[in-house]
Every structure is written in C-alpha cells, then in structure tokens.
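Structure first, then comments.
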Amino acid sequence: MRQDKLNTVTEGVLLLSGNEAVARGAWEAGTHFAAAYPGTPSTEILETIADEYPEIDAQWAPNEKVGLEVAAGASFGGARVLSAMKHVGLNVAADPLFTLSYIGATGGIVIVSADDPGMHSSQNEQDNRLMGRAAKVVILEPADSQEARDMVIEGMRISEDFDTPVLLRMTTRVCHSKSVVAVGPRVEVPVKGYRADIAKRVPIPAHARQMHSRVVKRLEDLAAWGSESSLNRIEPGDPKRGIITSGVSYQYVKEVCPEASILKIGMSNPLPWTLIERFLGMVEKVVFVEEGEPYLEERIRARFLNPAIGKDIVPLEGELSPEVVRHALHPGTSKPVTWYPVDLPGRPPVLCPGCPHRGAFYCLSRLKGSSTGDIGCYTLGLMPPHNALETTVCMGASIGVLSGLEKAVGSGGYGKLVAAIGESTFVHSGITGLIDMVYNGNTGTVMIMDNSLTAMTGGQQNPTTGRRLDGRPAPVLDLENLCRACGVQHVRVVDPHDLKAMEKALREEFARDELSVIITRRPCVMSYRPSRKVHAVVDPEKCVSCRQCMKLGCPAISWGDGHPVVSTHLCWPKCNLCVQVCPAGALSKDMEGLE
Amino acid sequence: MSDRTTNVIICGTGGQGTLLASEVLCAAALFQGFDVKKSEVHGMAQRGGSVSSHVRFGRKVFSPLVEKGTADLVLAMEKMEGIRWAPFLAPDGVLVSCDLEINPMTVQTGAAVYPDVEGLVREQGIPCRIVPAMEAAVELGNPKVVNMVLLGAIAAHLPIDGENWTRAIGDRVPHRALDVNLEAFEKGRAL
Numbered sequence: 001m002r003q004d005k006l007n008t009v010t011e012g013v014l015l016l017s018g019n020e021a022v023a024r025g026a027w028e029a030g031t032h033f034a035a036a037y038p039g040t041p042s043t044e045i046l047e048t049i050a051d052e053y054p055e056i057d058a059q060w061a062p063n064e065k066v067g068l069e070v071a072a073g074a075s076f077g078g079a080r081v082l083s084a085m086k087h088v089g090l091n092v093a094a095d096p097l098f099t100l101s102y103i104g105a106t107g108g109i110v111i112v113s114a115d116d117p118g119m120h121s122s123q124n125e126q127d128n129r130l131m132g133r134a135a136k137v138v139i140l141e142p143a144d145s146q147e148a149r150d151m152v153i154e155g156m157r158i159s160e161d162f163d164t165p166v167l168l169r170m171t172t173r174v175c176h177s178k179s180v181v182a183v184g185p186r187v188e189v190p191v192k193g194y195r196a197d198i199a200k201r202v203p204i205p206a207h208a209r210q211m212h213s214r215v216v217k218r219l220e221d222l223a224a225w226g227s228e229s230s231l232n233r234i235e236p237g238d239p240k241r242g243i244i245t246s247g248v249s250y251q252y253v254k255e256v257c258p259e260a261s262i263l264k265i266g267m268s269n270p271l272p273w274t275l276i277e278r279f280l281g282m283v284e285k286v287v288f289v290e291e292g293e294p295y296l297e298e299r300i301r302a303r304f305l306n307p308a309i310g311k312d313i314v315p316l317e318g319e320l321s322p323e324v325v326r327h328a329l330h331p332g333t334s335k336p337v338t339w340y341p342v343d344l345p346g347r348p349p350v351l352c353p354g355c356p357h358r359g360a361f362y363c364l365s366r367l368k369g370s371s372t373g374d375i376g377c378y379t380l381g382l383m384p385p386h387n388a389l390e391t392t393v394c395m396g397a398s399i400g401v402l403s404g405l406e407k408a409v410g411s412g413g414y415g416k417l418v419a420a421i422g423e424s425t426f427v428h429s430g431i432t433g434l435i436d437m438v439y440n441g442n443t444g445t446v447m448i449m450d451n452s453l454t455a456m457t458g459g460q461q462n463p464t465t466g467r468r469l470d471g472r473p474a475p476v477l478d479l480e481n482l483c484r485a486c487g488v489q490h491v492r493v494v495d496p497h498d499l500k501a502m503e504k505a506l507r508e509e510f511a512r513d514e515l516s517v518i519i520t521r522r523p524c525v526m527s528y529r530p531s532r533k534v535h536a537v538v539d540p541e542k543c544v545s546c547r548q549c550m551k552l553g554c555p556a557i558s559w560g561d562g563h564p565v566v567s568t569h570l571c572w573p574k575c576n577l578c579v580q581v582c583p584a585g586a587l588s589k590d591m592e593g594l595e
Numbered sequence: 001m002s003d004r005t006t007n008v009i010i011c012g013t014g015g016q017g018t019l020l021a022s023e024v025l026c027a028a029a030l031f032q033g034f035d036v037k038k039s040e041v042h043g044m045a046q047r048g049g050s051v052s053s054h055v056r057f058g059r060k061v062f063s064p065l066v067e068k069g070t071a072d073l074v075l076a077m078e079k080m081e082g083i084r085w086a087p088f089l090a091p092d093g094v095l096v097s098c099d100l101e102i103n104p105m106t107v108q109t110g111a112a113v114y115p116d117v118e119g120l121v122r123e124q125g126i127p128c129r130i131v132p133a134m135e136a137a138v139e140l141g142n143p144k145v146v147n148m149v150l151l152g153a154i155a156a157h158l159p160i161d162g163e164n165w166t167r168a169i170g171d172r173v174p175h176r177a178l179d180v181n182l183e184a185f186e187k188g189r190a191l
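So the sequence lines, in the order shown, correspond to chains A and B. The first sequence: position 201 = 201 (this note's numbering), numbered continuously. The second sequence: position 28 = 28 (this note's numbering), numbered continuously.
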C-alpha cells in the first residue's frame with residue numbers, strides 16, 4: 001500500500017481526514033466495490049480508495065442514483081459495497097434507497113451521506129438523519145476520523161447481520177477534519193456469489209408487504225441491540241445536567257462542558273431506547289446538543305414526554321462550533337474577544353484565470369442575456385461583472401426551469417435566457433430535461449458548458465472525459481450526437497474563447513424560434529499544463545481606459561493607473577480573452593506554438 | 001506535558017500553500033507527542049477565495065475547531081486575511097502575518113479598497129509581527145516556499161522542538177524540494 005498521501009504517525013496509526021478514514025475502514029472491512037458521484041464534502045472518499053486501496057474496485061457513476069443501484073447489484077451478488085455522496089445526492093438516490101431498505105443486503109451495504117451544515121459548498125443544509133429514518137435504515141454518526149473508520153467496519157457487520165443498508169451520516173467538519181486513527185489490516189471476505197431470490201428482491205405488493213413487516217421487526221431488534229452496543233455510550237458526570245449529543249457536536253460539548261453527564265449517540269436510527277431511558281433516570285435536567293434538525297430531541301421527548309430543552313437554546317440553522325455550544329450551555333461565559341471584527345472586503349471564489357466559462361459568460365453578458373443556472377463552477381456566472389445567471393435549484397434543473405418559464409410566459413416573456421449546464425451535470429440529470437424539451441415542444445436554448453472535467457469538486461473524470469476514476473481510458477460520450485438523438489435539430493459546438501464565434505452562436509440561437517443546443521467546448525485549466533509560460537503585455541500608451549478588459553472579471557487583471565495591470569504570475573498562458581476584447585490593441589500576447 | 005491545548009489558525013487565499021503549512025504543523029505536533037486535530041473546508045473555497053485551517057494540539061483534543069477568543073497564534077499568509085481572523089486570538093495571542101497583499105476581485109475592479117492593515121493593527125493594539133516572508137522566499141529562488149518561511153517565523157511561539165519541525169517537513173514536502181523548504185524554514189526562524 002502506498003503511504004505517500006496518508007500521514008503515518010507511528011506503526012498502525014495514521015493522521016486521516018474523515019473521508020480518508022471512511023476509505024480506510026472500507027478497505028479493512030474487506031469491501032469489494034465502491035461507486036459515487038463527486039460532491040463536496042464527500043469527494044475524497046472515492047479518490048482515496050482509487051489512490052490507496054486498489055483491492056476495492058471503485059468507480060465514478062453518472063449520478064448518485066446509478067451509483068447506489070450498481071452498488072445494490074454488487075451486494076445482490078454477495079460483494080461488500082460502499083456508495084458515497086453529498087447530502088443532496090441522497091435525494092437523487094432516494095428512490096433506490098427506500099426500496100433497498102425493504103430488500104436488504106446480501107453483501108454489506110454502507111451508504112455515506114456527507115451533510116453540509118453551514119452550507120460551505122451546498123445549496124441547502126438538509127439533515128439526512130430524517131431521510132435515513134424515513135427510509136427505515138440504520139444510521140451511524142461518527143464524531144471524528146477514528147469513529148468514521150470504526151463505523152464503516154461495524155456498519156458492514158450490522159448490514160449483513162441485520163440484512164439492512166446502513167447510512168453513515170457524515171458532516172463537513174467530520175469529513176474534512178484530520179485526527180489520529182488506529183488502523184488494522186484488511187480482512188478479506190469472500191464474495192458470496194449471486195443466487196436468485198425473488199421473494200427477497202422483487203417488491204411486488206405481495207412480497208413488499210412481507211418485506212415491510214421484516215423491516216419493522218428489524219428495527220425493533222436493532223433498537224434492543226443498540227442499547228448494548230458500544231456505538232452508544234453513557235459518560236457519567238454531574239447528575240444535574242445530562243447532555244444528549246451525536247456527531248461532531250459531541251466534541252464541542254466535551255470542550256465546553258467536560259464535567260457534564262453525556263449520552264453519546266453513535267447509532268441514531270433506530271434509537272437505543274433502553275439505554276436512553278437509563279440515562280434519563282440518571283440526570284435531573286436533559287439538554288440536547290445536536291447540529292441541524294432536532295432529530296434526537298423530537299424523537300426522545302415524544303417517546304418519554306421528557307421536558308428537555310434543545311433547539312430552544314441550540315441554533316437550528318448553520319454549523320455548531322465551540323463558541324455556539326458555550327453560548328447555549330453557559331450563557332454569559334463566552335471567551336472575551338479582545339480584537340474586534342473589521343468590515344473588510346470579502347474574498348469570494350472566482351472563475352480561475354483561463355477558465356473556459358469566462359468567454360461564454362462575457363458574451364452572454366454583452367448581449368444583455370443571462371441564464372437559468374445549474375450546479376458547478378459556472379454557478380459563479382451570477383457574480384459581477386458577468387451577472388449572467390438568475391436561477392439555481394439542483395443538479396440538472398437549469399433545463400427544466402427554462403422549459404417551465406416558457407410554459408408560464410412564452411419564449412418572448414423571459415428575455416434572453418439560456419439554460420447553462422456543465423457537461424458532467426448534463427450527464428448526471430440534465431439529459432432527461434432536454435428530452436422533455438423535445439417531447440413537449442419547447443423552443444429555448446441549452447448551453448452545455450463542456451470543460452471535460454467535473455471541476456468544482458476539484459477535477460474528477462466523468463463519461464465525457466475519456467478517463468475513469470483510476471485514470472484508465474474509457475469511451476468518450478459524444479454529446480453532440482446524444483443531443484441529436486434526443487431530437488434536437490440545431491446542435492452546434494463552439495470554442496468559448498473564440499469570442500466572435502461564441503457571440504455569433506448566442507445571437508443566432510436567441511433569434512431562432514426552435515429548440516437548440518450550444519456546446520461550449522474547451523478544457524478546464526486544471527486538466528492540462530501549458531507547454532510554456534507566457535502572459536499578456538499591456539502597452540499603456542495605446543490604452544484608452546475603456547475598461548473593457550475589466551468586464552472579463554479575470555483575477556489576473558487589475559486596474560492600475562488609468563490602464564490594466566496583468567499579473568505575470570496569474571495570467572493563464574493559453575488564454576487571450578483580454579487581447580480579444582481590447583478595442584485599442586493595448587493588450588498583446590505571443591501564443592505561437594503554445595500547446 | 002501540560003494539559004493545555006495549543007490553538008493555531010493558518011489563513012490565506014487559495015493556492016498559497018496554506019494547507020501544506022498546516023499539514024507540516026500537524027505532523028510536527030504529532031512527532032512532539034501531542035494529540036492533534038485540524039479542520040479546514042474544501043470545495044468552492046479553492047477558487048481564489050479565503051482559505052483557513054484550524055490546528056489544535058495537546059494531551060487530548062476534542063473539538064477540531066478553535067473557539068473564538070482562544071487562538072494562541074494566527075498565521076496569515078496574506079495581510080488582510082490576518083485581520084479577518086484576529087477576533088479568534090486569545091488576549092495574549094499573537095498575529096504573525098506575511099507582508100504580502102493579494103487583492104480580492106472587488107478591490108481589483110475598484111469596487112472596494114484594500115484596508116490599511118498596519119493602521120488597523122495599531123488602532124486595536126493587536127500583538128502582531130508582519131514579516132517579509134515573500135522577499136525571503138524569492139531570495140531562495142522559489143516564491144512557493146513562502147509557507148515554510150512563515151512556519152519558521154512562528155516556530156519560536158510553539159512548544160515544538162527543532163528536530164520535529166525538520167522531520168515534519170521531510171515527511172510532508174516532496175523529496176526533490178526538501179532542501180529549499182528546509183532552508184526556507186531556517187530563514188523564517190531568523191526573521
């Protein structure tokens with residue numbers, strides 16, 4: 001096993017992020033197969049498996065639903081499987097999840113949901129413990145990297161012993177924090193092999209009714225088992241106040257209230273009722289400290305009619321932190337903040353220098369157009385100076401939203417809008433929207449922004465890139481012919497850094513009263529290294545101070561003393577957008593022979 | 001070893017080597033025999049936005065996050081980012097900052113003004129050292145090692161022995177760049 005990425009502390013001890021620990025746990029548990037669609041904060045789980053643990057056959061799926069379905073199939077074949085996704089990915093995979101719960105696991109199934117309280121890089125902060133409960137599956141909540149590793153291993157055992165999928169509910173702080181992890185060797189588990197079992201795997205109503213009964217019984221058995229399991233534990237302390245907590249919130253409680261009695265819940269579905277009842281009998285007052293929804297609070301208070309407090313003092317929104325937990329538990333004892341915050345200019349993320357999307361958004365903005373947007377780097381098209389993105393709902397929704405606008409106000413009613421969607425997102429769940437546009441007679445324009453990389457999550461391969469997760473070659477999905485096969489008559493490909501061609505394409509498709517697709521194709525700057533260093537040069541004598549170059553929003557260009565200043569360090573060699581937009585010829589760049 | 005936990009925040013902007021610096025600090029603290037936790041946020045933060053990493057070490061560490069008002073040290077790879085994180089400093093904490101200024105997009109376009117960091121430090125009386133780390137890195141012929149210069153500059157503030165720093169750098173930095181990184185660290189110590 002290669003150790004160059006994983007920090008060895010001493011023999012058998014590694015410093016791992018929560019995501020690396022999940023990969024490690026999967027490897028030790030003898031997992032055979034893993035599938036995922038990238039999504040912050042879950043992405044590094046599959047990347048670590050691909051880099052470090054070749055014994056696990058791991059692959060990117062086109063979306064989370066397919067990833068979980070393939071994992072389910074592998075489990076039917078008797079393999080131990082892991083399927084990872086961000087929290088909103090579980091919405092996409094909810095359909096297989098809810099019925100897989102009835103079907104159960106032949107080979108162990110661990111599904112990782114990486115929730116994002118505080119929305120560091122997500123569009124909502126849904127708490128997937130509610131999803132796991134609705135799906136009637138086991139939920140495990142690790143509080144640090146050691147527990148992430150341990151719970152994957154324990155999760156595989158639970159999955160097979162109790163015939164259930166297990167949801168490992170991570171959060172950003174657990175995924176992306178590093179801590180010390182004691183590790184062990186891989187324990188090989190044979191693949192059991194496939195045997196048809198129609199009563200188990202075909203949920204026609206006659207079967208499904210029996211399946212549901214088995215699920216209800218399973219949850220009862222697990223609840224009893226959970227009261228004895230070390231996944232849940234009481235840490236006795238001051239009996240005046242008992243704190244019930246789970247996940248990373250436990251760490252903040254230990255920091256702020258080291259003296260309190262604590263019930264740490266590691267398995268949060270089904271709940272260990274006997275253990276909880278014992279804890280309630282040990283303490284005078286109960287406080288729930290949990291991030292996100294009052295999941296434990298509502299269930300435990302409802303069951304025992306206990307007058308506990310929780311969301312009355314712990315915020316429902318955003319991430320918890322030591323200071324937030326201190327403020328809730330010891331109001332008025334906040335650490336003195338000596339240096340006060342100053343109102344500083346923000347530093348939001350921006351499109352990289354040389355980003356292909358910049359050309360497309362510049363032209364859209366120049367034509368006073370905009371877009372219904374989607375999930376990817378190109379969501380940044382909403383920022384000034386482009387201001388060229390007006391909606392975002394979820395993966396793939398740019399297309400449905402554009403169609404729906406036409407239904408409501410007609411194609412003349414929404415101005416110049418295109419549906420802006422990256423190629424990876426299009427494959428994930430945009431294609432069904434396009435089929436809908438063809439089928440239902442829409443006339444809008446879909447702009448597939450093909451940078452041939454799943455970029456926002458750090459640069460992953462996808463079916464359009466010609467590479468798989470492990471770097472092996474793969475067939476390249478032919479987007480043009482795919483769109484044509486859907487029935488789109490007008491499909492064109494344009495280089496978004498050829499501004500004349502880009503603007504012409506947009507102008508013509510805005511004018512056309514028929515459905516069309518523009519594929520803006522140029523590789524992401526993260527996917528190649530230019531053959532030599534070269535940067536744009538400014539001739540201040542020629543500059544007419546029109547500030548057209550500033551409308552590109554390029555991080556390499558700032559406004560100096562009446563003319564632009566190009567950062568030699570940031571300027572991307574294979575980009576000359578500023579040269580193209582300058583009407584005075586004040587910017588130049590020698591890109592001859594550049595690869 | 002005392003029971004006290006040391007709290008450090010390393011902050012900067014995307015692409016400055018903030019995360020490598022915190023990796024080296026973690027490794028050095030581990031080699032010193034401490035329990036260590038660190039936390040950072042990936043994702044959109046990488047696209048040139050603000051980047052920060054919380055590092056905590058001591059006998060037993062629970063929270064991966066530093067509590068506001070308790071940081072022993074804020075290491076800023078960029079001047080304005082140091083001011084952004086100053087409220088996390090303990091009353092006796094220290095801000096060590098690179099003298100480098102990187103304009104955010106709003107300043108580049110003229111929509112906002114880069115703050116007078118030295119003025120703000122003076123006005124609040126923040127215990128602060130602004131060090132010419134970039135100059136030192138450029139002198140070594142590699143601006144990328146500015147992060148190691150800055151680690152060198154904070155070494156005296158932390159309960160970690162020299163040999164563990166050296167070992168940590170050897171452990172976390174690519175082998176071919178080891179010498180220049182060690183030199184950078186030593187240069188930072190002398191600043």
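Don't be surprised by glycine CBs; every beta carbon is placed ideally from N, CA and C. In this text, all values refer to a predicted model and were calculated from it rather than measured experimentally.
Straight-line Cα distance separating residue j from residue i
i                : j                : result
Gly48 (chain B)  : Leu100 (chain B) : 15 Å
Asp513 (chain A) : Tyr378 (chain A) : 26 Å
Leu97 (chain A)  : Phe185 (chain B) : 51 Å
Arg80 (chain A)  : Thr106 (chain A) : 8 Å
Lys574 (chain A) : Asp590 (chain A) : 10 Å
Val96 (chain B)  : Arg347 (chain A) : 20 Å
Ala61 (chain A)  : His569 (chain A) : 37 Å
Asn387 (chain A) : Pro349 (chain A) : 15 Å
Gly82 (chain B)  : Ala111 (chain B) : 21 Å
Ala23 (chain A)  : Val180 (chain B) : 33 Å
Leu389 (chain A) : Lys368 (chain A) : 11 Å
Ala134 (chain A) : Leu263 (chain A) : 24 Å
Val337 (chain A) : Ile9 (chain B)   : 15 Å
Lys86 (chain A)  : Ala455 (chain A) : 16 Å
Leu477 (chain A) : Ser527 (chain A) : 18 Å
Ala223 (chain A) : Val187 (chain A) : 28 Å
Simplified DSSP state of residue i, which is helix, strand or coil
i                : result
Met119 (chain A) : coil
Val174 (chain A) : helix
Ser194 (chain B) : For chain B, the structure presents residues 1 to 191; residue 194 (chain B) sits outside this window and is missing.
Glu235 (chain A) : strand
Ser449 (chain A) : At residue 449 (chain A) the sequence reads Met, which differs from the Ser that was named. Strand, per DSSP.
Phe98 (chain A)  : helix
Phe34 (chain B)  : coil
Phe304 (chain A) : helix
Leu477 (chain A) : coil
Ser230 (chain A) : coil
Arg2 (chain A)   : Residue confidence for Arg2 (chain A) is low, a pLDDT of 37 falling below 50, so the modelled location carries little weight and cannot support an answer.
Val549 (chain A) : Note on identity: in this sequence residue 549 (chain A) is Cys, with Val being the wrong assignment. Helix, per DSSP.
The beta strand (DSSP E) enclosing residue i, as first and last residue numbers
i                : result
Asn269 (chain A) : Met267 to Asn269
Gly242 (chain A) : Asp238 to Ser246
Lys285 (chain A) : Lys285 to Val289
Distance between beta carbons of residue j and residue i, contact taken as under 8 Å
i                : j                : result
Ser605 (chain A) : Thr443 (chain A) : Only positions 1 to 595 of chain A appear in the structure, and residue 605 (chain A) is not among them; the question remains open.
Leu152 (chain A) : Val191 (chain A) : Per the sequence shown, the amino acid found at residue 152 (chain A) is Val instead of Leu. Actually they do not touch by this definition, with Cβ atoms about 18 Å apart.
Gly193 (chain A) : Gly78 (chain A)  : 5 Å
Lys60 (chain B)  : Asp92 (chain B)  : Actually they are not in contact, since the Cβ atoms of Lys60 (chain B) and Asp92 (chain B) sit about 23 Å apart, beyond 8 Å.
heavy atom of the ligand ADP below 7 Å from residue i C-beta
i                : result
Gly184 (chain A) : This structure lacks the ligand ADP, and indeed carries no ligand of any kind.
First and last residue of the uninterrupted alpha helix (DSSP H) at residue i
i                : result
Thr8 (chain A)   : Looking at the DSSP string, Thr8 (chain A) is not in any alpha helix (DSSP H); the run it does join, the beta strand (DSSP E), is Asn7 to Thr10.
Met133 (chain B) : First, the residue type needs correcting, since residue 133 (chain B) is Ala and not Met in the sequence shown. Unbroken alpha helix (DSSP H) run through Ala133 (chain B): Ala133 to Glu139.
Asp70 (chain A)  : In the sequence as displayed, the identity of residue 70 (chain A) is Val instead of Asp. Here the alpha helix (DSSP H) through Val70 (chain A) covers Glu64 to Phe76.
Ile557 (chain A) : Here Ile557 (chain A) belongs to no alpha helix (DSSP H); instead the beta strand (DSSP E) covers Ile557 to Trp559.
Exercise for review: Could you say if the segment 95–109 of chain B and the segment 53–67 of chain B meet the contact criterion of at least three C-beta pairs nearer than 8 Å?
Suggested key: no
Point to revise | Touching by the beta-carbon criterion (3+ pairs, under 8 Å), the segment 158–170 of chain B and the segment 127–134 of chain B | key: no
Practice item. Inspect the CB distances between the segment 202–222 of chain A and the segment 241–260 of chain A and report whether three or more fall short of 8 Å. Key: no
Exercise for review: Pair every Cβ in the segment 490–502 of chain A with every Cβ in the segment 576–584 of chain A, then say whether three or more of these pairs are closer than 8 Å.
Suggested key: yes
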